[in-house]
Ligand code: AMP
Ligand code: ZN
């Protein structure tokens, strides 16, 4: 069996067959860079990263494009509040996004296009739509004529009357049909704008993604990824624009990622209930956050709470203790394996991992397979000489290879300085203990001295209600 993907368009599991076997193309709707990203955005970015890593694990070459929306109302309004330009705000948050993604171990996309670098492509796409009478101009703004695209609603599976109800929220008397949406917004005083055949203005949000996706991946791409909030209207509109303009299928598989919730509500900027990814990364190791974010299948909602993170923390410790112990067997070439039950368990884990990930990237089940083997390895290790070293070496390889796909155990970092890192962590924790003792004696001099000396070594201590934590700062 090969990979199957749940396609939001057909609402069923489909065999994954890339259009071009040489290269799978993926487009993922990236962040609107008006602020730092939160854990909800991180879930979507991480799932994209894992889809890419798994396709590569299965032998595919992947081209991933993830855009940055660097011009829109939220950016313009936030920049005005802060008294800086929209360009400056978008630049700073774009850099912060790359920094946060890197800290979460997300491999950079092959291309990270910015909307403002693709204005000519957007203008040309709008021009094609105007030529096809699928768009019209009113007072320097251009609107998409939904009526011209018979398949409108096929992704969100909405009936015309539902589409109307949704669209009426933003009634604009000038539009021919309430469902029509803007491709180009005529300039308003003080807002950033670009020249176009219809006058000064800026692109609408939906056309940005169509133009960037098709510029970098061609008229038809394999997989289009985004959070489930984007299914309608954003992705419905991307399809309408792109397919009307080219006459080709725009994206063959649509993947929508369920929300990360907090207290049962979607985590979001507008909800004021968000946890920034960078704050979470200050409090938990990268692997713990990754483990937590993939502990549910991506089509199921996931609730952010301390308990779940603590569970992931425990799981990560179990895993890293097991692998740190197994590491010494790595490279073992000789020995008898025939009698070891662990060898069977290794094969079982590999095939369960693949079956889980093949079935619409089911990371929750894949983790289950990995941790079942961890328990079995731990049992073998507690019975000395029972398991041949060669089998333990095989267990190490099977676990590190699969964990690498999920990014929950960074073998390279651990191999290059694994022992040193562990020793360093123990030493810092020991110093924090001494500092805590000093503080309970009200010996502030010693406490401050430890903090200041560590600071000189780029190790920053933070005192929290749950005790002191530390992080390496660059
Ligand atoms: P935004 O910056 O709001 O445009 O969002 C960037 C990406 O994160 C989009 O693909 C959104 O669908 C996704 N996203 C936003 N909030 C959440 C959430 N609570 N859970 C999962 N994905 C989200
Ligand atoms: Zn998009």
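Numbering (our numbering), first residue to last: -19 to 454. Glycine included, each C-beta is placed from N, C-alpha and C at the ideal position.
| query | result |
| --- | --- |
| Residues that DSSP places opposite residue 448 in a beta bridge | 443 |
| Cβ-based neighbour list, residue 65, same chain, cut-off 7 Å, excluding 5 preceding and 5 following | 59 |
| Cβ shell of residue 154 (< 6 Å), same chain only, five flanking positions each side left out | 118 |
| Residue 168 in three-state terms, based on DSSP | coil |
| Endpoints, the beta strand (DSSP E) within which residue 59 is located | It is not in any beta strand (DSSP E) - residue 59 instead sits in the alpha helix (DSSP H) that spans 53 to 62. |
| Candidates 354, 78, 176, of which the one nearest residue 304 by Cα | 354 |
| Where the alpha helix (DSSP H) containing residue 288 begins and where it ends | 286 to 306 |
| Same chain, Cβ closer than 7 Å to residue 186, five either side skipped, listed in chain order | 161, 214, 217, 218, 221 |
| First through last residue of the beta strand (DSSP E) which encompasses residue 118 | 115 to 118 |
| Buried versus exposed, by CB contacts within 10 Å (16 or more), residue 114 | buried |
| Assigned exposure category for residue 234 - 16 Cβ within 10 Å defines buried | buried |
| Three-pair Cβ contact test at 8 Å for the segment 256 to 268 versus the segment 288 to 300 | yes |
| Residues that DSSP places opposite residue 183 in a beta bridge | 164 |
| Candidates 184, 179, 226, 182, of which the one nearest residue 201 by Cα | 226 |
| Same chain, Cβ closer than 6 Å to residue 440, neighbours up to 5 away in sequence not counted | 451, 453 |
| Reduced DSSP category for residue -11 - H, G, I as helix; E, B as strand; rest coil | coil |
| Beta-carbon separation (whole angstroms), residue 336 vs residue 327, contact threshold 8 Å | Not quite, the Cβ-Cβ distance comes to about 15 Å (not below 8 Å), so this is no contact. |
| Heavy atom of the ligand ZN within 7 Å of residue 210 beta-carbon | yes |
| Through-space distance from residue 26 to residue 84, alpha-carbon basis | 8 Å |
| Residue 9 beta carbon near the ligand AMP (any heavy atom closer than 7 Å) | yes |
| As assigned by DSSP and simplified to three states, the class of residue 408 | helix |
| Outcome for residue 437 when other beta-carbon atoms lying within 10 angstroms are tallied against a minimum of 16 | exposed |
| Assigned secondary structure, residue 324 (DSSP; H/G/I helix, E/B strand, else coil) | helix |
| Residue span of the alpha helix (DSSP H) that contains residue 271, given as start and end | 266 to 273 |
| beta-carbon residue 206 near the ligand ZN non-hydrogen atom, thresh 7 Å | yes |
| Distance cut-off 7 Å: residue 49 Cβ against heavy atoms of the ligand AMP | yes |
| Buried or exposed (CB count within 10 angstroms, at least 16 for buried), residue 93 | buried |
| Residue 437 (DSSP reduced to helix, strand or coil) | coil |
| Sequence ranges, alpha helix (DSSP H) only - wholly within the segment 348 to 397, length at least 4 | 369 to 386 |
| Segments of 4+ residues assigned as alpha helix (DSSP H) that fall wholly inside the segment 78 to 138 | 99 to 111 |
| Alpha carbon of residue 122 to alpha carbon of residue 254, nearest angstrom | 35 Å |
| Residue 368 versus residue 341 - alpha carbon distance | 33 Å |
| Host beta strand (DSSP E) of residue 231 (start-end) | 231 to 237 |
| Bridge partners - residue 174, DSSP secondary structure assignment | 181 |
| Sequence-distant residues of its chain with Cβ nearer than 6 Å to residue 40 (five each side left out) | 4 |
| Helix, strand or coil at residue 16 [DSSP, three-state] | coil |
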